[in-house]
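Colleague:
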Amino acid sequence: MSQYIQNLRDTVAALHGCDCSHSGTSRVVEFFEGQKVFDGNVETFALSGHPAASEAFAWAFQGVSEPQYVAVLNVPPINDPSDAVRAAIASGQLIK
5 MSQYIQNLRD
15 TVAALHGCDC
25 SHSGTSRVVE
35 FFEGQKVFDG
45 NVETFALSGH
55 PAASEAFAWA
65 FQGVSEPQYV
75 AVLNVPPIND
85 PSDAVRAAIA
95 SGQLIK
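In case it helps, the numbering used here puts the sequence shown at residues 5 to 100.
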């Protein structure tokens with residue numbers, strides 16, 4: 005397992021209080037108001053022991069001085085990695 009995937013796994017576990025394992029990678033490109041706001045890989049993690057979700061989507065972007073990690077649960081209305089990225093955009097989280 006790469007250090008990047010391990011860091012994302014640790015983030016998902018810490019934020020959502022459950023064990024998880026990496027289950028896949030999806031390429032996501034999102035535009036907002038005509039501008040590309042995200043173009044990258046979103047990792048999917050299978051969750052174990054979470055009361056409401058069986059998966060989470062996670063990615064990182066370069067913050068001011070270090071990487072910042074985002075992890076979004078796969079619960080309605082979040083159904084796939086693109087939904088997770090759109091939710092992060094809508095919530096005002098910084099993304100790449």
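Glycine included, every Cβ here is placed at the ideal spot set by N, Cα and C.
Using C-beta distances below 8 Å, list every residue in its chain close to Cys24, excluding the 5 sequence neighbours before and after it, in chain order.
Modeller: Same-chain partners within the cutoff: Arg13, Val16, Ala17, Phe49, Ala50, Leu51, Ser52 and Ala60.
Colleague: Unbroken alpha helix (DSSP H) runs of length 4 or more, entirely within the region 29-97: which are they?
Modeller: List check, alpha helix (DSSP H) in window: 85-95.
Colleague: Suppose you measure from the CA of Ala92 to the CA of Ser86; what does that come to, to the nearest Å?
Modeller: Their Cα atoms are separated by approximately 10 Å.
Colleague: Find out if the Cβ-Cβ distance for the pair Val46, Ala94 is shorter than 9 Å.
Modeller: Cβ atoms of Val46 and Ala94: not closer than 9 Å.
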